[in-house]
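A.B. asks: The following block contains the structure, expressed as structure tokens.
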Amino acid sequence: MAVVAALLIVLTATLPGLMTGWFPQDEGQIGQAAERFLQGELPHRDFDDMYTGLLTVLHALTFKVLGVRTESTRWMLLAASLPFLVSVYRVSRRWLEPLDASGLVVLCGLWSIRLNPESMPSWYILFLTVGMLDALLTFQERRNLIWLFVAGLLAGIAILFKITGIYLIAAGVLILMDYQQRQCSATSRWSPGFFLWTLFCILVYSLAASRLWSASDPLMSALHLTLPAFGLGISVLAGEWQRGRGAFWERVRTWLRLQLVFAVGGFLPLLAWLLWYWQAGALAELYEGLIVLPQRRLEHAGASFPGPAAFLLSGAVFSAVCFAGSGGVRSASTSAVHDRRSLRWLAIAIIGLLLVCGHLSAQGRLVCFQAVRNLAPFVSAILLLRAARGDGACSAQAFAIAATLIMGAQVQFPFAMDLYFPYVAPLIFIGGSFGLQRAVTAQRQVERRLQLWRVVVAGLSLFALLQLKSVVPLGNVSDAPAHLTGKPLNFTRCGLTVESSLGEVYERLVDEIQARTNANDAILAGPDCPEVYFLAERRNPTRLFYDFFRPEMLSTAKELNALADEAGIRLVVIKQPFLRDFTMSAETMERWARERFGQPLVIGFSGRNDSSAPALFNVYSDSSGNKPGELPATK
């Protein structure tokens, strides 16, 4: 019953904001992809799907059942989050009592889709990551190979959501290498040949992990991503040196048996996907969409982690919590009273700091958020140290949790915006709860750490509930001033509540497009604004969602004229720099549209009295242009 109550609490906290906040380009991209699939088009062959394609298929099925609306995808995400929260409960019950495991479910729920309810693939990868962890821990307990197959199956499905699901494959392989080492008999001879094989595997893994380092953010990307990934490899190599025992061929057979069962599970969904594209004659297009085009994304976009000061603050907070949990050397007669008093003051300090700082200013809220966000490397380090300290079941669990946390955190590369942290937060909380509970054996310290964990859960849950309502959907916590007001959109395909001034801009834009074109007409919108097609219910005559993927396409006036003549384009929308996510220039398209259609209708923020207000969209059509005497920026 405790977990049911936890799920109800999460739903109660999530539902009021489920249809609030957006990134217009994200909603347009996933909506347009699903719509085009429903019309018979194939991702990567007929349009540039941003991801592998399974998300598009599921969104299309959801559109078919619930209607072609943005809200439909969010209902799908909410439904998918419930099995994820049950998996959190199942995993944490290995070291927490039902009530405390339910508290962890609430904490993970408040820090997950509630903060960013857009149905993006990284959410489903998080859900599958926790499911894979549950399956691998169950395998370690029961030694039934079916759980290895299930773990591989979940990892393979993750890749079908987004190519970054391959991090789950890496985590699974490393977990099985560590597990196999722990099954060796301590009385057997050391295996130099198998050590060389392990060394080769870790060198290959480390070479791949080194690519996760960002030259534009060298220090923080190394601390958050690259060094923890290297730490995993070093841990496996050290484990082979310390525990690797047994005859070479016997160990090879065991290693192959474990890895092959996991690989078969992972390969089955991938094989089905490849056969689908082979039958459609689109394997080359699939390769281009999954391997070639993402490299261009890395060249044009990225975001840095919080700076060293925030990282040091997190280290100080983490050290304080660990020190409080470790207790001191006191007499038995005074320890219980001292523990109660110190924990009472610690509870007041933690909860008060989180709530008061967040309430006083946006900067205080940002500091608290970043202090939590930077905990991942510290939690990972504690887990790896715990894994190296013994050969028992707890050490194997510690390594498995560390591997899923470290590999799961790679989703932040190269876009280390605050928006991406909720994809990682539940893994941090799972790892943190394990680290606090399983790092000691003395009963008094276990009880003390359990009480401390309850304080942390209460503080972080209240902070998320009261201070992080709708800030992350705007990109970064620091970009969410408290004075922003919401406006429900009035589109056939979208009724989300978004920031008022931007919502008014999109409503005016869609009204103009629908007034100047017919329902089945093609229009041209760019750069990087797939939401225009989806919201206006107009056809995209190109395969492009984001123009920077294929800068060679539509790069000349001749190509643009040919497209306009072939598709019958009578309206062009140019997104202005104020709204662009990337720095791509639209000068060629702008010059062509001006030559073909004349002066544009300029749409900007409403309620502005000066002509210096930024223009957001230029709309070119056969009847475009502002009315005489009307300021462009007052549209």
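Numbered according to this note's numbering, the sequence shown terminates at residue 649, and the numbering increases by one at each position without gaps. Ideal Cβ positions, reconstructed from N, Cα and C, are used throughout, including at glycine. Note that the structure is predicted; figures quoted are calculated from it, not measured.
With 16 as the cutoff for other CB atoms within 10 Å, does E526 come out buried or exposed?
C.D. replies: The residue you call residue 526 lines up with position 512 of the sequence shown. Result: buried.
A.B. asks: Go through its chain and collect everything with a Cβ distance to G67's Cβ below 6 Å, but skip five positions before and after it.
C.D. replies: Here residue 67 refers to the residue found at position 53 when the sequence shown is read from its first residue. The answer, listed in chain order, is P57.
A.B. asks: Once you ignore the five residues that flank F51 on each side, which residues in its own chain have a CB closer than 7 Å to its CB?
C.D. replies: Locating residue 51 in the sequence shown gives position 37, counting from the first residue. Closer than 7 Å at Cβ, skipping near neighbours: P57, T70, V71, A74.
A.B. asks: Whole angstroms are fine: how far does the CA of A576 sit from the CA of P242?
C.D. replies: As a position in the sequence shown, residue 242 is number 228, starting the count at 1. As a position in the sequence shown, residue 576 is number 562, starting the count at 1. Cα-Cα distance, rounded: 51 Å.
A.B. asks: In the structure shown, what three-state DSSP assignment does D636 receive?
C.D. replies: Translated into positions along the sequence shown, residue 636 becomes position 622. DSSP places D636 in coil when its eight states are reduced to three.
A.B. asks: In this structure, how does DSSP classify E461 when only helix, strand and coil are distinguished?
C.D. replies: By one-based count along the sequence shown, residue 461 stands at place 447. Helix, per DSSP.
A.B. asks: Alpha carbon to alpha carbon, what distance is there between I248 and S224?
C.D. replies: Residue numbering aside, residue 224 sits at position 210 when the sequence shown is read from its first letter. Residue numbering aside, residue 248 sits at position 234 when the sequence shown is read from its first letter. Taking the straight line from one Cα to the other gives about 14 Å.
A.B. asks: Could you check what DSSP says for L259 in three-state terms: helix, strand or coil?
C.D. replies: Locating residue 259 in the sequence shown gives position 245, where the first residue counts as 1. Going by the sequence as given, residue 259 is Arg instead of Leu. Correct three-state label for R259: strand.
A.B. asks: Use the C-beta contact count for T570: other C-beta atoms within 10 angstroms, 16 or more gives buried, fewer gives exposed.
C.D. replies: Start at 1 with the first residue of the sequence shown, and residue 570 comes out as number 556. So T570 ends up on the exposed side.
A.B. asks: When you compare each of V386, W292, W290, F281 to V327 by their alpha carbons, which one comes out closest?
C.D. replies: Here residue 327 is taken as the residue at index 313 of the sequence shown, counted from 1. The question names Val, but residue 327 in the sequence shown is Leu. Ranking V386, W292, W290, F281 by Cα distance to L327 puts V386 first.
A.B. asks: Assign I444 to one of two classes, buried (16 or more other C-beta atoms within 10 Å of its C-beta) or exposed (fewer than that).
C.D. replies: Walking along the sequence shown from the start, residue 444 turns up at place 430. Label assigned to I444: buried.
A.B. asks: Using a Cβ-Cβ cutoff of less than 7 Å, which residues in the same chain neighbour F319 once the five nearest sequence positions on both sides are dropped?
C.D. replies: Looking up residue 319 in the sequence shown gives position 305. So the list reads D231, M234, S235, H238, A430, once near-sequence residues are dropped.
A.B. asks: I'd like to confirm the pairing. Which residues does DSSP put opposite G540 in its beta bridges?
C.D. replies: As a first step, residue 540 is located in the sequence shown; it is residue number 526 there, counting from the start. DSSP, once it has assigned bridges, lists I588 as partnering G540.
A.B. asks: Could you tell me whether the Cβ atoms of I583 and L510 are closer together than 8 Å?
C.D. replies: Along the sequence shown, read from residue 1 onward, the residue named residue 583 stands at position 569. Along the sequence shown, read from residue 1 onward, the residue named residue 510 stands at position 496. Not a contact, by the Cβ cut-off of 8 Å.
A.B. asks: In angstroms with no decimal places, state the Cα-to-Cα distance between C215 and V469.
C.D. replies: Indexing the sequence shown from 1 puts residue 215 at position 201. Indexing the sequence shown from 1 puts residue 469 at position 455. Distance between the alpha carbons of C215 and V469 is about 42 Å.
A.B. asks: Roughly how many angstroms separate the alpha carbons of G612 and T602, rounded to a whole number?
C.D. replies: Start at 1 with the first residue of the sequence shown, and residue 612 comes out as number 598. Start at 1 with the first residue of the sequence shown, and residue 602 comes out as number 588. Whole-angstrom Cα-Cα distance: 15 Å.
A.B. asks: Could you have a look at P502 and say whether DSSP puts it in helix, strand or coil?
C.D. replies: Taking the sequence shown and counting its residues from 1, one reaches residue 502 at position 488. It is a strand residue.
A.B. asks: Going by beta-carbon coordinates alone, are A414 and A390 separated by less than 8 Å?
C.D. replies: For the purposes of this step, residue 414 is taken as residue 400 along the sequence shown, with counting starting at 1. For the purposes of this step, residue 390 is taken as residue 376 along the sequence shown, with counting starting at 1. Taking 8 Å as the Cβ cut-off, A414 and A390 do not qualify as a contacting pair.
A.B. asks: Rounding to the nearest angstrom, what Cα-Cα distance links D148 and V105 in this structure?
C.D. replies: Residue mapping note: residue 148 aligns to position 134 of the sequence shown, counting from 1. Residue mapping note: residue 105 aligns to position 91 of the sequence shown, counting from 1. Rounded to the nearest angstrom, the two C-alpha atoms are 5 Å apart.
A.B. asks: Which runs of the beta strand (DSSP E) at least 3 residues long sit entirely within the stretch 39-96? Give them in chain order.
C.D. replies: Qualifying beta strand (DSSP E) stretches: none in this window.
A.B. asks: Less than 8 Å between the beta carbons of A439 and W125, yes or no?
C.D. replies: As a position in the sequence shown, residue 439 is number 425, starting the count at 1. As a position in the sequence shown, residue 125 is number 111, starting the count at 1. Cβ distance < 8 Å, so A439 and W125 count as in contact.
A.B. asks: DSSP three-state label for E566, please.
C.D. replies: Stepping through the sequence shown from its first residue, residue 566 is reached at position 552. E566 falls in the coil class under three-state DSSP.
A.B. asks: Is DSSP giving R196 helix, strand or coil here?
C.D. replies: Stepping through the sequence shown from its first residue, residue 196 is reached at position 182. In this structure, R196 counts as helix in the three-state DSSP scheme.
A.B. asks: If you follow the beta strand (DSSP E) that G618 is in, where does it begin and where does it stop?
C.D. replies: Translated into positions along the sequence shown, residue 618 becomes position 604. Per DSSP, G618 belongs to the beta strand (DSSP E) from 615-618.
A.B. asks: By DSSP, does E302 sit in helix, in strand, or in coil?
C.D. replies: Numbered from 1 along the sequence shown, position 288 holds the residue referred to as residue 302. E302 falls in the helix class under three-state DSSP.
A.B. asks: Starting from E604, trace the alpha helix (DSSP H) both ways and give me its first and last residue.
C.D. replies: In the sequence shown, residue 604 corresponds to position 590, counting from 1. Taken as a continuous stretch (DSSP letters only), the alpha helix (DSSP H) holding E604 covers 601-611.
A.B. asks: Excluding the 5 residues flanking A16 on each side, which residues of the same chain have their C-beta closer than 7 Å to its C-beta?
C.D. replies: As a working note, residue 16 is residue 2 in the sequence shown. If we look at A16 and ignore the five residues flanking it on each side, its Cβ neighbours are P112, L113, S116.
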